[in-house]
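Remarks on the structure that follows.
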Amino acid sequence: MAIHIVDRRLNPGSKSLENRQRFLRRAKALVQGAVKKSSQERDIKDVLEGGEVSVPIDGMDEPRFRREGGTRDMVLPGNKKFIEGDMLPRPNQSGGKGRGAGEGDSEDTFRFVLSRDEFVDLFLDDLELPDLAKRKLAEVECEGIRRAGYSTSGSPANISISRTVSRALARRVALRRPRPEELAALEAELEDCSEARRVEVLAEIEALKAKIKRIPFIDPIDIRYRRFETVPKPVAQAVMFCLMDVSGSMTEHMKDLAKRFYMLLYVFLKRRYRHVEIVFIRHTDRAEEVDEQTFFYGPASGGTLVSSALQAMHDIVRTRFRPEDWNIYAAQASDGDNSYADGEVASRLLTDKILPVSQFFAYLEVGQENGLSYEMPNSALWTLYEGLRANGAPLSMRKVNERSEIFPVFHDLFQRRSQQERNAS
Amino acid sequence: MTATDQLLFQGADWDFRTLQKICDTCEQVACDELGLDVYPNQIEVITAEQMLDAYSSVGMPLFYKHWSFGKHFAFQEASYRKGLMGLAYEIVINSSPCISYLMEENTATMQTLVIAHAAFGHNHFFKNNYLFKQWTDADGILDYLEFAKRYVAHCEDRHGRQAVEHTLDAAHALMSHGIDRYPGKKSLDLRAEEKRAGRRRAHEEAAFNDLWRTVPGGKVKSSAILDVERRRQMLGLPQENLLYFLEKTAPRLRPWQRELLRIVRHIAQYFYPQSQTKVMNEGTATYVHYRIMSRLHQQGRLTDGNFLEFLQSHTNVVFQPEFDDPRYSGFNPYALGFAMMQDIERIVTDPDAEDREWFPDIAGKGDAMAVLRDIWANYRDESFISQFMSPRLMRHFRLFHLHDDPEERAGILVDAIHNERGYRRLRRELARQYDVGFIDPNIEVVDVDLAGDRRLMLRHTVVKGAQLTETDTKRVLQHLADLWSYDVSLVESDASGTVLKEYVAHPRSAAAAA
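So the sequence lines, in the order shown, correspond to chains A and B.
Residues 1 to 425, numbered by UniProt numbering, are exactly what the first sequence covers, in order.
Residues 1 to 514, numbered by UniProt numbering, are exactly what the second sequence covers, in order.
Below you can see the structure in the form of C-alpha cells.
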C-alpha cells in the first residue's frame, strides 16, 4: 500500500483569516468598545500597537441545549479511604465546583489578540476625512507602470539586448559551439600539412562548420524582453502642517498635548493617504521650518506673532505643495497668546490664502494642566478665530487641558456626521 | 548487517526519507504482525499555525466559512500564544485516504509515535468499527465538505451573507439535536448527496415559471379531518432529530435554507460516532502505538535513547490523575482505553481464576490481537466498558461511585466502591457516563398545532431532575422559532408527565421575512 507523504508547510497559511474577519465584523460593536477602553489606558505611542482586548462573551455565544442540577452520579478514580455507605459532607458551594467557577470567569470575557492593523482600523473606524472639495481626488488612484523583471515575450521595442546576449553566450558555451579561433587554427594547419592529414583536417573543418551552423549565435529562445507591470500610482498624497507657538508661555505640558494631537492626526492621515508629508513650523514672533526634534524640544523665546507662521505656511505651500496635487491639512497649537496688532494680518492670511487651499484647518488651544478653560476669558487668538468662524470660515477649534481629552477632541473633530450636522457645526 | 543499518534514525532530526522509512516499517508491524486493516494513508506535515487553523475548523482540512470558527481560532490563538495550551502532535481525519497531520516541530521519535498512533491505530478503528461503518462515509467526506463549502459560498452570493449567517447560527445551535440515533434504511452516501443538491437546484431553475404563482390553488383539505394520530404519523412524530424535522417540514424555509440545515445535519452525523467512541478510539490508537514502538525497539530499529523519549511521552499521555488531584478533570480516555486494552490482552493470554469467572468467552483464548480486533469492530464506549471492565482494573484505578442527591442534606453518598459488592454497579455507572443517550438532553418534537397557530411543540424529558439552563434554552428556542417561523414551545416534564417548566419563543420578524 502506497503511503503519500505531503509537505503542507508551504501552503498558504491563515486559512482562518476569513473566519476571523467575520468574527470581528460580527463582534464589531463589542470590540470597538473594548478598543476604546483599552486605548484610554495606554500612551498614545503604544495606542496603535494592537494587542489583547477582552470582549464580553455575551452576544458572541453559541447557545446549545444544556442541563444542570438534578441528582448526579459520578464514578471517580483514586479511592483511598471510602467504603460503601459513607456520607461525605458536601463541599462548600464553591468547593467542588471551584475550578469550574474559575473557568466560568474566564469565559465571561473573551480575550484575544488583535493585530496592529485590526486595532487601528477599529480605532479609527468611525472617523472620516473632512468632506471638502478635494475629497474625490483624495481617493482616486491612477495607474503607473514599473519595471518587473524580464519575460520571454513582448514587443521588439522592449528587447533587452544585454540580457539576450548574455543568455546567448551562456547557451553557446553550454552547447560547446566552436569558437572562431578553433576554425582559424585548423585552417592555418591546412596550409601546410601532409596529404593524409589534409583529408582529416578538411573533415574536421567541415564538422566544425556544420556545428557552428547548427548552434546559432543568437537563438529565438535567448531573446528576453523587459517586462513592465502596471501599478496603482497614488495621486493621493497629503501634507500636514504642524504649526506651533513656541514662545516662552508654552509649557512642556502644552507642547506634549500638541504633540499627541499631531500624532493622532498623522496616524489618521496615514490610513487615508499613501503618502503623507509633515512640515513643522514653529513660531515666536518669527516663524521657521524645523525638524521634529527642534520643533518639540528646541529652545526658543520671543514674542508671539501668529501671522508669521501663517505666512511661512503659505510660502511653503506655494513653493513645494501645489494645492492641485496635495491635500493640505494644518493643525495649529497655541496657548492663545497673540499680539493684538497681528490679528488683522493673521485673519487676512487665513481667509484669503490658507483656508481656500486647505482641506482642514484645526486650531487647538492648549491650556495648563488642571486649568479650567471655561473660567478663563477667551484668549486673543480664540476670539480672533471665533470671529472668522462666525463669518463662515471653515475652521475647527477646540480647547484641551488634559491628556485624556486629546482623543475625545480628535474623535469629535473627525466624527462621521450627517450633512445637516456638518453644516451646523 | 550492523546495528546502525537497522536503525530508522538517530537523534531527533528527520527528513522526508526518514518519514517514508518510518511509515514502511510501522506498516510492516501493523499489518503483518498485528493484522490491522487500514485505509490508504496520507501523511501531511504542517506548521503550528496550520495546526491552529485546523483546530478552529473542527480538525477538517476544509470547511465552510462561519464567524464561530473565527472566534474559536482567536481564542485558541490567544491561549496558545500565552502558553496556556500546547498543540496536539497530530490530527487524524476519518476519510479515505486517511489523512494524518503531523507537526513539523515533532522529533523523529514523536513522528514515529504519531504515525503509529494515527496512521495505523486510529485508521484501523475508523475503517473497522461498526459505528463508523454505519454512520460515516469515509470515501465521500472530503468531497462533501468541498461541496458544502462551495454551496455555502454560493448561497452567500445569491442570498446575502446575513441571511446565510442567520440560518447557520440557528442550525449550529441545534447541531447536537440533528443526529439520527438509529440506523436508517439506507447507508449514507455523501457523493450522491452532492449530486442530489445540484439536481434539485437545476430542476428548480428549469421548472421555474412565473405564471404558476398567479394560478389559484386548489381547495386545501381541512386539517380538522386529520385526526391527531394520523397527523403525528405523517409528520413522523415524535421526532428527536430537530434539524431533520425542520428541514422536511418547516413551512416557510427556502430550499437553500433546507439544504444548509441538511449540510449541518450531515456534518453532525459524521462526528456522532467519534463522540461515542472516545475511549475505544484513543485506547486502540494508544495500544497500537505502544505495540508498534515496543516492537521497533525490540527489532533494534530504535535506539534505547529514542525509546526512552517515547516512553516519557507515552507515560504523559496515559497519565490518570486521581479525583482529589488538582489536575483531575474527568477520566482521561487515553488512560482508560489503554489500560483496558492491556487488561484484555492479559486476560486473553494469561488469565487468573477471577478473569475466567468474569470473562469466560475470552479468558485464555491465546490470540490477543484477534480478540481485540473483534472488540474494536463491534463495540462502542458504553458497551465496551460495561462488558470488558475487569474487577482487577477497577481495583487498579480504585474506582468509587458517588451519588449526589441535592435533596439529601447529609451529603454525598458513596454508593459503591471497588469491592465484590460494588464491581457490577461501578461498571454499570461508568458505562452510563459514556452513553450518549444520557449525555445529550432528550428533546423531541411532539406535535404541531396545524389547526391553530402552527405552534411547534417540543418536550424535554427530564432525567434525574436535570433541567435545561434557562438563558441558553431561550436562545436556542429563539433560533428554532426563527427557522420554524411560527411560535415554538418547549415543555420540560419528568417521567411521570408532571410539567416542570414551559418556554415559548416567538419568531423574530426579520428572520421570518428572510
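Don't be surprised by glycine CBs; every beta carbon is placed ideally from N, CA and C.
These numbers were taken from a predicted model, which means no experiment stands behind them.
Check your understanding: Using 8 Å as the Cβ pair cut-off and three pairs as the minimum, do the region 239–259 of chain A and the region 359–367 of chain A touch?
Key -> yes
Check your understanding: What are the uninterrupted segments assigned as beta strand (DSSP E) that are 3 or more residues long and contained completely in the region 448–485 of chain B, given in chain order?
Key -> DSSP runs (the beta strand (DSSP E)) wholly in the region 448–485 of chain B: 456–461.
Review point. Would you say B:L296 faces chain A, with C-beta separation under 8 Å as the test?
Key: no
**Study point:** Proximal residues to B:H289 (C-beta, below 7 Å), its chain only, five neighbours per side dropped
**Key:** L113, A116, H117 and G121
Exercise for review: Could you spell out where the beta strand (DSSP E) holding B:V38 opens and where it closes?
Suggested key: Neither: B:V38 is in no beta strand (DSSP E) and is coded neither H nor E.
Practice item. For B:P97, go through chain A and note every residue whose CB falls closer than 8 Å to its CB, in chain order. Key: H4
Check your understanding: Hey, out of B:P441, B:A363 and B:A466, whose CA is closest to B:G178's CA?
Key -> B:P441
Check your understanding: Going by other Cβ atoms of all chains shown within 10 Å of its Cβ, with 16 needed for buried, is B:T498 buried or exposed?
Key -> exposed
Point to revise | Ranges of the alpha helix (DSSP H) found wholly within the region 243–310 of chain B, counting only runs of at least 4 | key: 255–276 and 278–298
Review point. Using a Cβ cut-off of 9 Å, which residues of the region 61–74 of chain A contact any Cβ in chain B, in chain order?
Key: D61, E62, P63, R64, F65, R66, R67, E68, G69, G70, T71, R72, D73 and M74
Point to revise | Stretch pair the region 384–402 of chain B + the region 71–84 of chain A: three plus CB contacts closer than 8 Å | key: yes
Practice item. Mark A:L10 as exposed unless 16 or more other C-beta atoms lie within 10 angstroms of its C-beta, in which case mark it buried. Key: exposed
Check your understanding: Is A:S94 close to chain B, meaning its C-beta is less than 8 Å from at least one C-beta of that chain?
Key -> For A:S94, the pLDDT reaches just 43, beneath the cut-off of 50, and the residue's location in the model is therefore unreliable, although a value from the coordinates is still provided. It does not: the Cβ of A:S94 has no partner Cβ on chain B nearer than 8 Å.
Review point. Can you tell me whether DSSP reads A:L114 as helix, strand or coil?
Key: Under the three-state reduction of DSSP, A:L114 is assigned to strand.
Practice item. Whole angstroms is fine: what's the gap from B:E193's alpha carbon to A:R146's? Key: 50 Å
Check your understanding: Under 8 Å between C-beta atoms, does B:P441 make it to chain A?
Key -> yes
Exercise for review: Please list, in chain order, all residues of the same chain as B:R252 whose beta carbon is under 6 Å from its beta carbon, the five residues on each side excluded.
Suggested key: S485
Review point. Which chain A residues sit within Cβ distance under 8 Å of B:R475?
Key: D61 and P63
Point to revise | Cβ shell of A:S347 (< 7 Å), same chain only, five flanking positions each side left out | key: L384 and L388
Point to revise | Test item: CB-CB of B:A363 and B:R373 under 8 Å | key: no
Exercise for review: Report yes or no: do the region 81–93 of chain A and the region 44–51 of chain B share at least 3 C-beta pairs separated by less than 8 Å?
Suggested key: Counting C-beta pairs closer than 8 Å gives fewer than three between the region 81–93 of chain A and the region 44–51 of chain B, which falls short of the contact rule.
Exercise for review: Specify, as a first and last residue, the run of the alpha helix (DSSP H) that A:S404 falls within.
Suggested key: R403 to F414
Review point. By the criterion of Cβ-Cβ separation under 7 Å, what are the contact partners of A:D86 in chain B?
Key: Chain B residues near A:D86: V414.
Point to revise | Nearest-angstrom Cα separation, counted from A:A185 out to A:V231 | key: 55 Å
Check your understanding: Under the three-state reduction of DSSP, which class applies to B:H506: helix, strand or coil?
Key -> In this structure, B:H506 counts as coil in the three-state DSSP scheme.
Review point. Shorter than 8 Å from the beta carbon of A:L76 to some beta carbon of chain B?
Key: yes
**Study point:** Close beta carbons around B:K127, own chain, < 7 Å, minus the five adjacent residues each side
**Key:** D37, V38 and Y39
**Study point:** Residues, ordered as in the chain, of the region 15–27 of chain A that lie near chain B by beta-carbon distance below 9 Å
**Key:** K15, S16, L17, E18, N19, R20, Q21, R22, F23, L24, R25, R26 and A27
Point to revise | Classification of A:C193 by the beta-carbon crowding that lies within 10 angstroms, buried from 16 upward | key: exposed
**Study point:** Nearest-angstrom Cα separation, counted from B:H506 out to B:A481
**Key:** B:H506 has its alpha-carbon roughly 6 Å from the corresponding atom of B:A481.
Practice item. Determine whether the Cβ of B:A511 lies closer than 8 Å to any Cβ atom of chain A. Key: Only weak support is given to the placement of B:A511: the predicted model assigns it a pLDDT of 43, under 50, and the question is left unresolved by the model.
Check your understanding: How is A:S307 classed by DSSP in three states: helix, strand or coil?
Key -> helix
Point to revise | DSSP beta-bridge partners of A:A362 | key: Its beta-bridge partners are A:A331 and A:S396.
Check your understanding: If you drop the 5 nearest sequence neighbours on each side, which residues of the same chain put their C-beta closer than 7 Å to that of A:K80?
Key -> none
**Study point:** B:R425 CB to nearest heavy atom of the ligand SAM below 7 Å
**Key:** You won't find the ligand SAM in this model; it holds no ligand whatsoever.
**Study point:** Secondary structure, beta strand (DSSP E): runs of 3+ residues fully inside the region 60–102 of chain B
**Key:** 90–93
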